């Protein structure tokens, strides 16, 4: 099939640290190319793509005003069997009533808006809405459209089951964009109550209020011993830290659609402990690949059970349900409908 993948031009391909949407699009493209499909990517001007992938730049973060026009011009000038959009719904406009098969992946958890409702007043044809997690579909089941969720996935070979010996002295870890809404302060409090060391990895925000919180609140909690901030990390460092950690904490306060870090953790054999909200309850099988807690007290209790989890089974759970090959096969089913 001839397939076009569209992504908002926020960061270039391939993503290096942040960029969950871009990572999923990249994994999708890699698997589709393996299967012999002809792929065109519309994305950030500075992107670098494999030789077998056609690329069209549609702008950058500082020049998004004309992004839609560039997408529209390309779609009007080229015909595809499938348009798979990971960006704005408005990108579909030139082909909204055409017989071209269209799939839209939502990488956000809050979908209802005037622009969404106005889009569906136009009565689009041949369009499937594919949120990246089941809970998002359930949350919006009253909205118009054909909804068929597809879970995110990562390459089976990107991470591997580590061989480090995990003991009661192994640290907890949290990997996220460092901000209040990610539950970082909760993670620090939980680590202290559980008498565990905590590794904190990620980049702080760029807005003035985020910088102030990072410098005057967060960093003051990090003593370099029990609570260690290790900064932004790449995939290789992520493998190292997850392999030696007893568990990954997922404690988001802000609404979050799907966090790839939990897949990466399980791929390394590291179990996940999360609050009972958003995507983790669909992902975590208690005692198999992690635990769920309703509050900080319950999370502390679950930390004490982490050494009972078989890390090989964590890895097997990932392989059985959350590889990029499984994700792409599910998308292909939508393409063929």
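In the numbering used here, the protein residues as written are -19 to 317. Where is the CB? At the ideal position from N, CA and C, for every residue including glycine. It should be emphasised that the depicted structure is a prediction, and the values quoted were computed from it without experimental measurement.
- Cα atoms of residue 234 and residue 162: separation of roughly 7 Å, rounded to the nearest angstrom.
- For the segment 241 to 267, the continuous beta strand (DSSP E) assignments of 3+ residues that do not extend past its boundaries occur at 252 to 255, in sequence order.
- Annotation: residue 94 is outside any beta strand (DSSP E); the continuous alpha helix (DSSP H) that includes it extends over 94 to 101.
- In chain order, 129, 131, 237, 238, 259, 262 place their CB closer than 7 Å to the CB of residue 113, counting only its own chain and leaving out the 5 sequence neighbours on each side.
- Straight across, the Cα-Cα distance linking residue 59 with residue 211 is about 44 Å.
- Leaving aside the five residues that flank residue 62 on each side, the residues in its chain whose CB is nearer than 8 Å to its CB run, in chain order, -19, -18, -17, -16, 80, 81, 82, 83, 315.
- When the five nearest sequence neighbours on each side are left out, the beta carbons in the same chain lying within less than 6 Å of the beta carbon of residue 104 are those of 76, in order along the chain.
- In this structure, residue 270 places its C-beta atom within 7 Å of the C-beta atom of residue 253.
- The secondary-structure analysis by DSSP pairs residue 230 across a beta bridge with 254.
- For residue 282, the closest C-alpha among the options 85, 213, 176, 97 is that of 176.
- Exposed is the label assigned to residue 16, since fewer than 16 other Cβ atoms lie within 10 Å of its Cβ.
- Comparing C-alpha distances from residue 156 to each of 179, 297, 28, 73 shows the shortest one belongs to 179.
- In the three-state scheme derived from DSSP, where H, G and I count as helix and E and B as strand, residue 5 is classed as helix.
- In the DSSP annotation of this structure, residue 87 is not part of any alpha helix (DSSP H), being labelled neither H nor E.
- Closest in alpha carbon position to residue 57, among 47, 74, 45, is 74.
- The straight-line gap separating the alpha-carbon atoms of residue 221 and residue -12 is approximately 31 Å.
- Taking every protein chain shown into account, the CB of residue 218 has 16 or more other CB atoms within 10 angstroms, so this residue is buried.
- Here residue 41 is exposed: its Cβ has fewer than 16 other Cβ atoms, across all protein chains shown, within 10 Å.
- Beta-bridge pairing by DSSP links residue 179 to 153, 208.
- Of all alpha-carbon atoms in 299, 310, 66, 198, the one lying nearest the alpha-carbon of residue 135 is that of 299.
- Contact between the segment 164 to 172 and the segment 22 to 33 is absent: fewer than 3 CB-CB pairs across the two stretches fall below 8 Å.
- In the DSSP annotation of this structure, residue 53 is not part of any beta strand (DSSP E); the continuous alpha helix (DSSP H) holding it starts and ends at 47 to 57.
- Distances from the CA of residue 55 to each of 72, 277, 46, 47 were compared; the closest alpha carbon is that of 72.
- Apart from the 5 residues on each side of it in sequence, residue -10 sits with its Cβ closer than 6 Å to the Cβ of 41 in its chain, given in chain order.
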